[in-house]
Amino acid sequence: MCLHDWGVPEGTALSADAGLVVAELASNAATHGRVVGRDFELRMTLLGGDDPHAPGVLRLEVSDPRRDRRPAVRQPACQAESGYGLRIVDGLAADWGVVDRIIGKTVWAELAVGDSASVRTAGPASGPGR
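For the sequence shown, my numbering assigns the number 1 to the initial residue and increments by one for each residue that follows.
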């Protein structure tokens with residue numbers, strides 16, 4: 001299943017945002033959530049979107065086996081080459097968070113579908129959980 005099958009064509013802002021969010025969450029899972037012999041899992045779910053007056057949500061989830069390594073948006077060091085990933089996720093997602101699993105954790109992010117104003121806003125984002 002790909003986003004295009006759900007009515008999100010490649011080259012749209014939503015498709016690009018989803019690609020960036022998945023890349024950042026997967027990179028964090030591979031870098032910080034790695035345990036020898038275990039992988040990480042990616043799940044995409046399209047919720048709602050049937051009502052033209054209420055936008056749907058594209059939920060992106062990446063699960064890894066390290067519950068003890070919880071992500072948080074941090075101020076990167078001056079001229080740092082890393083540490084910006086969750087700032088990108090925080091800026092693009094309507095909401096994001098972390099939930100524990102029996103083994104490990106799931107980091108999730110939600111992008112608004114069908115309402116371009118809620119996908120990208122000028123200035124600081126102001127979604128639920130901010």
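Beta carbons are placed, not taken as given, at the ideal position from N, Cα and C, and that holds for glycine.
Q: Check the Cβ-Cβ distances between E81 and every residue of chain C, and say whether any is below 9 Å.
A: In the structure shown, chain C cannot be found, because there is only a single protein chain.
Q: Just the C-alpha distance for W6 and L46, rounded to the nearest angstrom, thanks.
A: Counting from 1 along the sequence shown, the entry for residue 6 is found at position 6. Counting from 1 along the sequence shown, the entry for residue 46 is found at position 46. Each residue's Cα considered, the two are about 8 Å apart.
**Q.** Buried versus exposed call for P124 [16 or more other C-beta atoms within 10 Å across all chains shown]
**A.** Stepping through the sequence shown from its first residue, residue 124 is reached at position 124. Because P124 carries a pLDDT of 32, less than 50, the predicted location of this residue cannot be relied on, and the following value inherits that uncertainty. That one is exposed.
Q) For the alpha helix (DSSP H) that S27 lies in, which residues bound it at each end? A) Locating residue 27 in the sequence shown gives position 27, counting from the first residue. Segment A13 to H32, the alpha helix (DSSP H) holding S27.
Q: For S27, count neighbouring C-beta atoms within 10 Å of its own C-beta (all shown protein chains included) and say buried if the count is 16 or more, exposed if not.
A: By one-based count along the sequence shown, residue 27 stands at place 27. It counts as exposed.
Q. If you run the structure through DSSP and keep just helix, strand and coil, what is D100?
A. By one-based count along the sequence shown, residue 100 stands at place 100. Strand.
Q. Going by alpha carbons, who is nearest to G91 out of A18, Q79, D68 and R34?
A. Your numbering for residue 91 matches position 91 in the sequence shown. Among A18, Q79, D68 and R34, the Cα nearest to that of G91 belongs to A18.
Q) Below 8 Å, can you find three or more Cβ-Cβ pairs linking the segment 66-73 to the segment 27-40? A) Put simply, the segment 66-73 touches the segment 27-40. At least three CB pairs are less than 8 Å apart.
Q: Could you tell me whether the Cβ atoms of L20 and L58 are closer together than 9 Å?
A: Position 20 of the sequence shown holds residue 20. Position 58 of the sequence shown holds residue 58. For L20 and L58, no; Cβs fall outside 9 Å.
Q. What are the boundary residues of the beta strand (DSSP E) that includes V8?
A. Taking the sequence shown and counting its residues from 1, the one referred to as residue 8 is at position 8. From DSSP, V8 is part of no beta strand (DSSP E); its letter is neither H nor E.
**Q.** Inter-residue CB distance, I88 and E24 (contact presumed, cutoff 8 Å)
**A.** Translated into the one-based positions of the sequence shown, residue 88 becomes position 88. Translated into the one-based positions of the sequence shown, residue 24 becomes position 24. Right, their Cβ atoms sit about 6 Å apart.
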